[in-house]
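Under the numbering used here, the first residue of the sequence shown carries the number 51, and numbering increases by one thereafter.
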Amino acid sequence: MVFRGLENFTTGGALADYEALYTEGKRLAALWEGGRRIRVTTPAGTDLVAEIGHAAPIIECGFATEPGQEAAFPDGEVSQGPNEGTAEGVIVVDGPICYLGLPDTPITLRVAGGRVTAVEGEGRTAAELRRILATIENADNIAEVGIGLNGWSLRNGDFEEEKKARGNVHIALGDNIFYGGQTRSAVHMDMVLYEPTVTIDDRAVVVGGEVRLT
Numbered sequence: 051m052v053f054r055g056l057e058n059f060t061t062g063g064a065l066a067d068y069e070a071l072y073t074e075g076k077r078l079a080a081l082w083e084g085g086r087r088i089r090v091t092t093p094a095g096t097d098l099v100a101e102i103g104h105a106a107p108i109i110e111c112g113f114a115t116e117p118g119q120e121a122a123f124p125d126g127e128v129s130q131g132p133n134e135g136t137a138e139g140v141i142v143v144d145g146p147i148c149y150l151g152l153p154d155t156p157i158t159l160r161v162a163g164g165r166v167t168a169v170e171g172e173g174r175t176a177a178e179l180r181r182i183l184a185t186i187e188n189a190d191n192i193a194e195v196g197i198g199l200n201g202w203s204l205r206n207g208d209f210e211e212e213k214k215a216r217g218n219v220h221i222a223l224g225d226n227i228f229y230g231g232q233t234r235s236a237v238h239m240d241m242v243l244y245e246p247t248v249t250i251d252d253r254a255v256v257v258g259g260e261v262r263l264t
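Printed below as a string of structure tokens:
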């Protein structure tokens, strides 16, 4: 399955100033580094908390020049895997989902012990998400929280663009090996959330979809 078409490399987030973006990514990672607790809330109803700190934040902002670094062009995010088994709360997905696209209506995921325990919602997308979580091992694992930084990324329903869009947040399900975890899965599914507020310990780094680096 191909997730990126030619337009992903010629429009939208591809046109960003990647040197400036990488500088911002380092600033956000520095704020994130050393944190012990993350909380994500949204107007749609998300309220997820997790312990963090077992692995360093990962900068994906267009440059991979050292062993262990990664870029996923078009780029522009900083992310971290929560400590395994610690995520608790509710995720309401109102943006696009990897493999599935935009949901018919927002989908609610109940989370306990780092796993999705229930998927609530109507329509094809919710039904397919339930099927994936029921049939693919460890697809229910809360694997990653990522913050988009790319002000050029389009808000067009394409998860590859929207997960990098400045101020959007994505929460991923499934495999977390790249994020320093121990859970393997055949999937790693990013789910985009709109207008998030993200707090690391007592510091808000995103408020209502606005990134705050100072």
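Glycine included, each C-beta is placed from N, C-alpha and C at the ideal position. Because the structure is a prediction, the values reported are computed rather than measured.
Let me know if Ile227 comes out buried or exposed under the rule of 16 or more other beta-carbons within 10 Å of its beta-carbon.
-> By the 10 Å Cβ count, Ile227 comes out exposed.
Where Arg205 falls: helix, strand or coil (DSSP) | Correct three-state label for Arg205: coil.
Could you tell me which residues DSSP pairs with Val255 in its beta bridges?
-> Under the DSSP definition of a beta bridge, Val255 lacks any partner.
Would you check if there are 3 or more beta carbon pairs closer than 8 Å linking the stretch 145-153 to the stretch 232-239?
-> Contact holds: three or more Cβ-Cβ distances are below 8 Å.
Met51 classed as buried or exposed, judged by whether at least 16 other C-beta atoms fall within 10 angstroms = Confidence at Met51 is low in this model, with a pLDDT of 42, below 50, so the placement of that residue should be treated as unreliable; the coordinate-derived value is given next. Per the 10 Å Cβ criterion, exposed.
Note the first and the last residue of the continuous beta strand (DSSP E) segment covering Gly198.
-> Ile192 to Gly198 is the extent of the beta strand (DSSP E) around Gly198.
Quick one: what does DSSP say Asp85 is sitting in, helix, strand or coil?
-> With the sequence shown as reference, residue 85 is identified as Gly, and Asp is not the correct amino acid for it. The answer is coil: DSSP assigns Gly85 none of H, G, I, E or B.
Quick check: the stretch 76-94 against the stretch 121-135, are there 3 or more CB pairs under 8 Å?
-> Touching, yes.
Where does the unbroken beta strand (DSSP E) through Ile157 begin, and where does it stop?
-> Per DSSP, Ile157 belongs to the beta strand (DSSP E) from Ile157 to Ala162.
Where Thr175 sits in the DSSP three-state scheme = In the displayed model, Thr175 falls within a helix according to three-state DSSP.
Mind checking Arg216: buried by the 16 CB within 10 Å criterion, or exposed?
-> By the Cβ neighbour-count rule, Arg216 is buried, with 16 or more other Cβ atoms within 10 Å of its own.
Is it the case that the Cβ atoms of Gly112 and Leu71 are separated by a distance below 7 Å?
-> Yes, the Cβ-Cβ distance between Gly112 and Leu71 is below 7 Å.
From Gly259, Asn200 and Glu120, pick the residue whose C-alpha is nearest to that of Tyr68; which is it?
-> Among Gly259, Asn200 and Glu120, the Cα nearest to that of Tyr68 is on Asn200.
Thinking C-beta only, is Thr96 closer than 7 Å to Leu243?
-> The Cβ-Cβ distance between Leu243 and Thr96 falls below 7 Å.
Residue ranges of each alpha helix (DSSP H) run of no fewer than 4 residues wholly in the stretch 60-130, ordered along the chain?
-> Segments of the alpha helix (DSSP H) lying fully in the stretch 60-130: 68-82.
From the DSSP output, read off the bridge partner residues of Arg165.
-> For Arg165, DSSP records a beta bridge to Ala162 and Asn191.
Taking 7 Å as the cut-off, decide whether the C-beta atoms of Ser203 and Glu211 are in contact.
-> In contact: Ser203 and Glu211 (Cβ atoms closer than 7 Å).
Provide the residue(s) that pair with Glu170 in DSSP beta bridges, ordered along the chain.
-> Beta-bridge pairing links Glu170 to Thr158.
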